[in-house]
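Order-wise, the sequence lines are chains A and B.
For what it's worth, full-length UniProt numbering labels the leading residue of the first sequence as 1, then goes sequentially.
For what it's worth, full-length UniProt numbering labels the leading residue of the second sequence as 1, then goes sequentially.
Virtual Cβ for every residue (Gly too), placed ideally from N, Cα, C.
Note that the structure is a prediction, hence the values are computed from the model and not measured.
For reference, the structure is listed below as structure tokens.
Protein chains: 2
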Amino acid sequence: MAEVTLKDVALASGCSIATVSRVLAGTRPVGAETARTVRAAAEALGYRPNHVARALRSRSTGTVGLVLPQITNPFFPFLVRELEHALHAEDRAVLLADCDDDPVTEAARINALLARRVDALLLIPVDERRSREAVAAAAAQVPLVLLDRGCGPGVADSVAVDNAAGMALVLAHLAATGRRRPCFIGAAGTASAAAERRAAYEAGAAALDPGAPGRVALGDFSVEWGRAAVDRLWPSRPDAVVCANDLIAAGALQRLRQLGADVPGEVAVTGFDDIPLAGLADPALTTVRQPLAELAAEAARLLSRNPAAGPPAARRAVRLAPELVVRASSAGPGTRGGGSS
Amino acid sequence: MAEVTLKDVALASGCSIATVSRVLAGTRPVGAETARTVRAAAEALGYRPNHVARALRSRSTGTVGLVLPQITNPFFPFLVRELEHALHAEDRAVLLADCDDDPVTEAARINALLARRVDALLLIPVDERRSREAVAAAAAQVPLVLLDRGCGPGVADSVAVDNAAGMALVLAHLAATGRRRPCFIGAAGTASAAAERRAAYEAGAAALDPGAPGRVALGDFSVEWGRAAVDRLWPSRPDAVVCANDLIAAGALQRLRQLGADVPGEVAVTGFDDIPLAGLADPALTTVRQPLAELAAEAARLLSRNPAAGPPAARRAVRLAPELVVRASSAGPGTRGGGSS
DNA sequence: ATGAAAGCGCTAACAT
DNA sequence: ATGTTAGCGCTTTCAT
Chain A
1 MAEVTLKDVA LASGCSIATV SRVLAGTRPV GAETARTVRA AAEALGYRPN HVARALRSRS
61 TGTVGLVLPQ ITNPFFPFLV RELEHALHAE DRAVLLADCD DDPVTEAARI NALLARRVDA
121 LLLIPVDERR SREAVAAAAA QVPLVLLDRG CGPGVADSVA VDNAAGMALV LAHLAATGRR
181 RPCFIGAAGT ASAAAERRAA YEAGAAALDP GAPGRVALGD FSVEWGRAAV DRLWPSRPDA
241 VVCANDLIAA GALQRLRQLG ADVPGEVAVT GFDDIPLAGL ADPALTTVRQ PLAELAAEAA
301 RLLSRNPAAG PPAARRAVRL APELVVRASS AGPGTRGGGS S
Chain B
1 MAEVTLKDVA LASGCSIATV SRVLAGTRPV GAETARTVRA AAEALGYRPN HVARALRSRS
61 TGTVGLVLPQ ITNPFFPFLV RELEHALHAE DRAVLLADCD DDPVTEAARI NALLARRVDA
121 LLLIPVDERR SREAVAAAAA QVPLVLLDRG CGPGVADSVA VDNAAGMALV LAHLAATGRR
181 RPCFIGAAGT ASAAAERRAA YEAGAAALDP GAPGRVALGD FSVEWGRAAV DRLWPSRPDA
241 VVCANDLIAA GALQRLRQLG ADVPGEVAVT GFDDIPLAGL ADPALTTVRQ PLAELAAEAA
301 RLLSRNPAAG PPAARRAVRL APELVVRASS AGPGTRGGGS S
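Below, the structure is given as structure tokens:
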């Protein structure tokens, strides 16, 4: 039951602990014969390397911190899963921190992870502005990649979906299916997803209808806000309700139904993100699917970029193309009632 | 930019590193005067303890592993959030592992966390039987608490909701609102949530209707299964569809609506867990709410139980009482149409 | 109350 | 290719 250490393996295999270390860590060339002996001894004794000691000596914990605003936001668990798999695949462990959507908690969590000597930080900032200081400080200490949301220019590398492209897909689809009076339910604030989707709507919708950019209601990314916003926008009788994410769209859908509106016959509803809820809504939500696995892979790749080579490499801002998922909530106006897809 | 160590603080404050350690870790009595000086020096230099070195020396990483079947199961993120907060509150960090619902991956993840020297393991087993071996082996090495699902008798301490009590609440509610022909859509397998909810339904429903225990369909905990199961059970015209969790209930609701059934007028539908989807469904789902914060707190408490005291303390199996949340999907049969609650 | 010194288990120079 | 020797930064005896 006592811990088996390198020393034990060295004793058992009749060579020095340095050699054993080299064999087991594969760090230097080693005699084929010795290697076999050592591995056998390690196996026999049930040796398990002590990552803590290794980390202290090598100054690398093999651990990355994952900091996110709220794990309960239904969009994040999928991202977390992909990240966890991508990282474990290269033998890095994931220290998880949930910030409760609060920049102060976020700063505390970042510090806690830094104190634990994470090799790198993967971070979805709580707030574009209020997270900046803590994020910039952290980025000065370890490689840091921003995910999904930005945090001001030049703070760190970032990976996100191309929000503008996604919104353009939605608007093109609505135009192609004959919608002419769109409106937009978005989120206030400067978070990149909120701002970019809003800006893209305003830019794209003007081509459809000069009045469209005016039909905008801004709140937060919640179901409740989706419901409330419909009360503000429905009186202007839009034929499409473009929502900044699926939660808002779910709320909008619910409220429209309560008001007796015919979706999609009278009015189309679209979301963004393609969380599971989108497929379950009635009618099922047309939405924009984020390339989660690719986002995760790209983030992991960015983390592994050797930061020591050459001058402080320019920040990268990777944007990945999303995909439109057409479901019943935006079926052509002629198609009354819609079916589930 | 170089790391500030205890030695630097000792030099700056003119005392030994041992004293500094004692001041900063609050481990032993120390002169008030010295303490002040040391703290000032630490502050001035921006000293940050190195948890890795501390862990190597003290044989405690201050880290607990959280192993779960699938973070994308919508029930888990809430539990994860509560656990994260409970643990960070006592300065423990959380290493997250997602098992992709696969016992083999689960075993690998457990080993990875053990190699990282987690102080303890919080684990939601993938499978009652197939997880047992790996879990038992892990429990022999570190304190381990099972969450939400069991893993055979006596393997480890466990914390879960009282599934039988929850199901009894549902059946009592249905009986009180005049339902007489319930049926049950559950999950096959031996996972405790599946088995206990199923058994409780069968026990409780027999009192309502001798034929009820026969109207049971067993699949998995998914929306798809909920949909499919309705096709099997609806022909027998139940007046209540009791589901083993909210995902199943969401699927059942959707399919019933497609078949033109009137919920709740003609048939009530109930879920279990109270995930956010439950409130969003139409009609909103009557369900059983798990006391998540209490479950998390209890799990954290169990982890902190000093395992070194006395004989290997008997395993604890803590069961917490759930709460019935009545919504529109089970409004009395007379109340046609229901409103959103 | 404080200091000196010995490691925790490992990797990385430096020898050989 | 292998062994020897220093530590990584900290906590913890053991002295004083």
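**OP:** Please determine, among ALA293/A, CYS243/A, ALA10/A, the residue with the shortest C-alpha to C-alpha distance to VAL159/A.
**Re:** Per the C-alpha coordinates, the member of ALA293/A, CYS243/A, ALA10/A positioned closest to VAL159/A is ALA293/A.
Original post:
Closest Cβ-Cβ distance between ALA250/A and chain B: below 8 Å?
Top reply: With a threshold of 8 Å between beta carbons, ALA250/A makes contact with chain B.
Subject >> Beta bridge counterpart(s) of ALA160/A as assigned by DSSP >> reply: Paired residue(s): ARG319/A.
Original post:
Is it buried or exposed for SER21/A, if we count other Cβ within 10 angstroms and need 16 for buried?
Top reply: With 16 or more other Cβ atoms within 10 Å, it is buried.
**OP:** Kindly indicate which three-state DSSP category ASP119/B falls into: helix, strand or coil?
**Re:** Judged by DSSP in its simplified three-state form, ASP119/B adopts coil rather than helix or strand.
Original post:
For a contact meaning CB atoms closer than 8 Å, what does residue 374/A contact in chain B?
Top reply: The requested residue 374/A is not part of the displayed model; chain A covers only 1 to 341.
Subject >> Sequence ranges, beta strand (DSSP E) only - wholly within the stretch 52-95 of chain B, length at least 3 >> reply: The DSSP assignment places 63-68 as complete runs of the beta strand (DSSP E) inside the stretch 52-95 of chain B, in order along the chain (cut-off: 3 residues).
Original post:
Exposed or buried, which one is ALA188/A when buried takes at least 16 other CB atoms within 10 Å?
Top reply: Exposed is the call here.
Original post:
So does the stretch 93-113 of chain A actually touch the stretch 83-97 of chain B, counting three or more Cβ pairs closer than 8 Å?
Top reply: At 8 Å Cβ cutoff, the stretches touch.
**OP:** Note down the Cα distance separating LEU324/B from THR270/B, rounded to an integer number of angstroms.
**Re:** Going by C-alpha positions, LEU324/B is about 10 Å away from THR270/B.
Subject >> Top-ranked residue by Cα proximity to GLU224/A, from ASP246/A, GLY46/A, PRO210/A >> reply: ASP246/A is the residue among ASP246/A, GLY46/A, PRO210/A whose C-alpha sits nearest the C-alpha of GLU224/A.
**OP:** Pull out every residue of the stretch 268-280 of chain A whose Cβ sits closer than 7 Å to any Cβ of chain B, in chain order.
**Re:** Shown in chain order are the members of the stretch 268-280 of chain A whose Cβ falls below 7 Å from a Cβ of chain B: LEU277, LEU280.
Original post:
So, helix, strand or coil for VAL213/A, using DSSP?
Top reply: Looking at the sequence provided, one finds Pro at residue 213/A rather than Val. The answer is helix: DSSP assigns PRO213/A an H, G or I state.
Subject >> Nearest residue (CA-CA) to ARG129/B, options LEU113/B, VAL118/B, GLU106/B, ARG117/B >> reply: Nearest C-alpha to ARG129/B among LEU113/B, VAL118/B, GLU106/B, ARG117/B: GLU106/B.
Subject >> Which listed residue (THR177/A, GLY65/A, ALA252/A, GLY204/A) has its alpha carbon closest to that of VAL142/A >> reply: For the residues THR177/A, GLY65/A, ALA252/A, GLY204/A, the minimum Cα distance to VAL142/A belongs to GLY65/A.
Subject >> Limits of the alpha helix (DSSP H) - the one that THR34/B falls within >> reply: Where THR34/B is concerned, the enclosing alpha helix (DSSP H) stretches over 32-45.
Original post:
Can you find a heavy atom of the ligand NAD that lies under 7 Å from the Cβ of ARG181/B?
Top reply: In terms of ligand content, the structure shown is empty, and the ligand NAD therefore cannot be addressed.
Subject >> Beta-carbon neighbours of THR61/A, restricted to chain B and to distances below 8 Å >> reply: Neighbours of THR61/A in chain B, taken as residues at a C-beta separation under 8 Å, are given in chain order as VAL52.
Original post:
Is DSSP giving GLY190/A helix, strand or coil here?
Top reply: A quick correction: the sequence has Thr, not Gly, at residue 190/A. Looking at THR190/A - three-state DSSP - the assignment turns out to be coil, as it is neither helix nor strand.
Original post:
Shortest alpha-carbon distance to LEU121/B belongs to which of ALA112/B, ARG132/B, PHE75/B, LEU144/B?
Top reply: Closest by alpha carbon: LEU144/B.
Original post:
Who pairs with PHE184/A in a beta bridge, going by DSSP?
Top reply: Within the DSSP bridge table, the entry for PHE184/A names VAL216/A, VAL242/A as partners.
Original post:
Buried or exposed: where does LEU123/A fall if 16 or more other Cβ atoms within 10 Å of its Cβ makes it buried?
Top reply: Its Cβ being crowded by 16 or more others within 10 Å, LEU123/A is buried.
**OP:** Check whether the Cβ atoms of ALA284/A and ALA328/A lie closer than 8 Å to each other.
**Re:** Their beta carbons are under 8 Å apart, which means ALA284/A touches ALA328/A by this criterion.
Original post:
Based on Cα-Cα distance, which residue from ALA176/B, GLY46/B, ALA252/B lies nearest to CYS183/B?
Top reply: For CYS183/B, the closest of ALA176/B, GLY46/B, ALA252/B by C-alpha to C-alpha distance is ALA252/B.
Original post:
If you draw a straight line from the C-alpha of ARG117/B to the C-alpha of LEU68/B, how long is it?
Top reply: Their backbone Cα atoms lie some 18 Å apart in a straight line.
Subject >> Limits of the unbroken beta strand (DSSP E) element including ALA268/A >> reply: Here the beta strand (DSSP E) through ALA268/A covers 268-270.
Original post:
By Cβ distance below 6 Å, which residues in the same chain neighbour LYS7/B in space, the five residues on each side in sequence not counted?
Top reply: Within the same chain, LYS7/B has close Cβ partners ILE17.
Subject >> Endpoints, beta strand (DSSP E) assigned at LEU259/B >> reply: Looking at the DSSP string, LEU259/B is not in any beta strand (DSSP E), and its letter there is neither H nor E.
Original post:
Candidates ALA199/A, GLY152/A, ARG181/A, PRO29/A: which alpha carbon is nearest GLY166/A's?
Top reply: Measuring from the Cα of GLY166/A, the nearest candidate turns out to be ALA199/A.
Subject >> Under 8 Å between C-beta atoms of SER192/B and ASP119/B >> reply: No.
Original post:
What do you reckon, are the CB atoms on PRO125/A and ARG149/A nearer than 8 Å?
Top reply: Yes, the pair counts as a contact, with Cβ atoms nearer than the cut-off.
Subject >> First through last residue of the alpha helix (DSSP H) which encompasses LEU277/B >> reply: It spans 276-280 - the alpha helix (DSSP H) in which LEU277/B sits, taken as one unbroken run.
Original post:
Around the C-beta of GLN290/A, are 16 or more other C-beta atoms found within 10 angstroms, so that it is buried, or is it exposed?
Top reply: It counts as buried.
Original post:
How about LEU292/A: is its C-beta nearer than 8 Å to some C-beta of chain B?
Top reply: Chain B contact via Cβ: absent.
**OP:** Determine the burial state of PRO29/A: buried for a count of at least 16 other Cβ atoms within 10 Å of its Cβ, exposed for fewer.
**Re:** Answer is exposed; the Cβ neighbour count stays below 16.
Original post:
What did DSSP end up calling VAL325/B once you bin it into helix, strand or coil?
Top reply: The DSSP-derived three-state label of VAL325/B is strand.
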